[in-house]
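Numbering (my numbering), first residue to last: 1098 to 1207.
Read through the structure below, which is laid out as structure tokens, and then see the notes.
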Amino acid sequence: MPPSPPPSPTPLPVIKLNSVRLRTWQALFTAPPRSDIAWNEVIALIRALGGRELPRRQKTAGSRVRFLLGGVKGFFHRPHPENVLGKGCAVDVREFLIRAGMAGQDQETA
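Right under this line is the structure:
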């Protein structure tokens, strides 16, 4: 069995973030995905990167939340009854940030 590849380095955000938002960013980009990331911190991170929550189209949108960041829409399930992301949602948010062009160069090359 070949050795597993080393974990990829955490990319830096394209916008300078304060220490709290940077910790949230790093938590989203860890592998394996973490399951202790607060939903409120994710919302604050998306807003700090210039994103916004899109209004609901239907009265019964439930826990689905839509964001727009860098011209890219992201659809997520708001966690409940707790305020903590599951591992799958953390991966979805990470992929959304990458698709939106928010991940710059790796820390090793910065």
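Ideal Cβ placement from N, Cα and C applies to all residues, glycine included.
Source: prediction; values computed, not measured.
- Restricted to the region 1121-1171, the alpha helix (DSSP H) segments that are unbroken, complete and at least 4 residues in length are 1136-1145, listed in chain order.
- The beta carbons of Leu1125 and Ile1134 sit about 7 Å from each other, so the pair counts as a contact at 8 Å.
- In the DSSP assignment, Leu1182 falls outside any beta strand (DSSP E) and carries neither an H nor an E.
- Counting along the chain, the unbroken beta strand (DSSP E) around Leu1109 starts and ends at 1108-1110.
- Cβ atoms of Leu1166 and Leu1151 stay farther apart than 8 Å, at about 10 Å.
- His1174 is bridged by DSSP to Arg1161.
- Approximately 7 Å separates the beta-carbon atoms of Ala1200 and Pro1110; this is inside 8 Å, confirming the contact.
- The beta carbon of Ser1132 sits closer than 8 Å to those of Val1181, Leu1182, Gly1183, Lys1184, Ala1187, all from its chain and outside the five residues before and after it, given in chain order.
- At the C-beta level, Arg1191 and Val1169 stay beyond 8 Å of one another.
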